[in-house]
Structures are given as structure tokens and as C-alpha cells.
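In this note's numbering, the protein residues as written are 529 to 763.
Heads up: the structure comes next, in C-alpha cells.
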């Protein structure tokens with residue numbers, strides 16, 4: 529599951545460059561000092577990864593509570609179905625139920641804070657930019673958060689989101705150095721691969737929840753229950 533998060537982040541970063549690329553393009557990195565520029569970019573990524581890992585830890589903790597109630601497998605199936613529906617249903621269907629409206633004010637504040645940090649030259653600017661960037665609404669991050677929730681573990685949830693973030697590093701770093709380098713058919717090919725990957729991940733979560741006894745992919749119900757009991761006894 530952790531490896532799928534890395535792959536998801538890697539392919540999903542083609543979308544990230546399109547959505548969050550403008551932030552990367554406008555970051556006030558020091559173009560005259562290579563060492564300082566690398567440290568600034570690492571600081572930015574560290575902020576993003578910390579936000580992702582924290583989200584994963586929180587959602588994994590929620591999943592863990594559901595796991596203790598014996599709902600881990602049902603949760604895994606539900607997450608898989610949601611992932612597939614998010615791709616299969618037309619975008620206008622979700623437009624009727626805009627779940628972002630209640631947090632529009634928060635998003636506006638985040639964008640304002642990002643704008644301020646983009647103009648700032650303070651030492652902590654890049655780390656703060658990364659923290660804020662990681663909190664911006666993003667469909668792909670939502671999908672990854674679903675995955676963290678389904679892990680049923682705060683540690684695994686944090687690792688899941690951390691590896692998702694690590695997968696985005698190569699292209700996001702390239703975007704900072706080269707600007708908007710993704711154009712034409714190449715970009716379209718990779719963007720078309722993202723929905724396929726989300727559906728495959730959804731199927732993987734469903735298989736995991738069904739408990740078919742397939743090692744690593746779909747562990748049996750008995751193994752899952754034993755793991756829950758063991759964790760419960762440790763607490």
C-alpha cells in the first residue's frame with residue numbers, strides 16, 4: 529500500500545504541477561546561489577511533507593478507531609468505491625454537491641497567506657510556503673487521504689501520505705527550476721494515466737477489504753481480526 533502511495537504521488541504530480549505549479553514558479557528562490565537555492569527548495573518540500581504526514585496521521589488515527597470497532601474491512605471497501613466513483617461519475621455531478629463551500633473562507637485565508645509568503649524574504653518563508661501549500665484543497669490529495677484513512681493505523685496513515693508527498697518531489701522540484709515545462713501531448717498522456725491509477729488503487733482497497741486470503745493484497749478476515757485484537761490488547 530505504501531508503494532502505491534509513492535506511485536500515486538509520482539503520477540499525480542503531473543496534475544500537481546498544473547494546479548500548484550504557479551506557486552512553485554513564483555517562489556522567491558535565490559537564483560544566484562546554487563547551494564542556498566537547494567536549501568530553500570528542501571525547506572519548501574519539508575513543509576509540504578510535514579502537512580501531508582500530519583494529515584495522514586490524523587486520518588489514520590480515525591481509521592484505527594473504526595478498526596477497533598471491527599469496521600476496517602468495510603472502510604477499505606467504502607474507500608475503494610469512493611475512489612472509483614470519483615473517476616466514473618461526471619464532474620458536473622460533484623458540482624451539484626460542492627463540499628468546499630463551507631471552507632471557502634479558510635481557503636481564501638490560505639491563499640492570502642501564500643501570497644504574503646511569496647513576497648517575503650524571511651528565513652522561514654519556504655517552509656511556511658510548503659506548510660500552506662499542503663493544506664490547499666486538491667482532488668488528488670483527497671484521494672490520498674482516503675487511502676490514509678483506510679490504513680487503519682496512525683503510523684501507516686502518516687507514512688502513506690509521506691510517501692505520496694515524496695512521489696511528488698521530482699516534478700515539483702523540476703517545476704521550480706524550469707517553470708511550466710509540461711506542455712502538449714506529453715502532459716496529456718500522463719494526465720490520462722492518473723484516473724486509471726486511481727481506479728486501480730480503488731480496486732486494490734476493495735480487494736483488501738474483501739479478505740480473500742491473497743498475501744499482501746487481500747489478507748484473510750481471520751488475520752485482520754487477529755491484528756485488531758493484538759493491537760487492542762497492547763493498549
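All C-beta atoms, glycine included, are put in the ideal place defined by N, C-alpha and C.
DSSP three-state assignment for residue i, whether helix, strand or coil
| i | result |
| --- | --- |
| residue 757 | For residue 757, the predicted structure reports a pLDDT of 45, less than 50, and the residue's modelled location is therefore unreliable. A value from the coordinates is still provided. The answer is helix: DSSP assigns residue 757 an H, G or I state. |
| residue 560 | coil |
| residue 650 | coil |
| residue 729 | helix |
| residue 740 | coil |
| residue 769 | Only positions 529 to 763 of the chain appear in the structure, and residue 769 is not among them; the question remains open. |
| residue 750 | Caution applies to residue 750, whose pLDDT of 42 falls short of 50 and renders its modelled position unreliable; the value that the coordinates give is listed next. Helix at residue 750. |
Residue range of the alpha helix (DSSP H) that includes residue i
| i | result |
| --- | --- |
| residue 529 | Note, residue 529: premise wrong, no alpha helix (DSSP H); not H, not E. |
| residue 603 | 600-616 |
Given residue i as reference, the closest of the options once Cα atoms are compared
| i | options | result |
| --- | --- | --- |
| residue 737 | 699, 678 and 717 | 678 |
| residue 497 | 673, 722, 704 and 610 | Outside the displayed range of the chain (529 to 763) lies residue 497, so it cannot be described from this structure. |
| residue 586 | 596, 577, 706 and 673 | 673 |
| residue 614 | 725, 740, 739 and 735 | 725 |
| residue 582 | 722, 700 and 693 | 693 |
| residue 697 | 530, 529 and 552 | 552 |
| residue 723 | 671, 569, 684 and 681 | 671 |
| residue 717 | 568, 684, 655 and 543 | 543 |
| residue 564 | 651, 700 and 641 | 651 |
| residue 734 | 608, 541 and 695 | 608 |
| residue 569 | 644, 659 and 721 | 659 |
| residue 687 | 571, 661 and 579 | 579 |
Unbroken alpha helix (DSSP H) runs of length 4 or more, entirely within the segment 652-681: which are they? List check, alpha helix (DSSP H) in window: 653-663 and 667-678.
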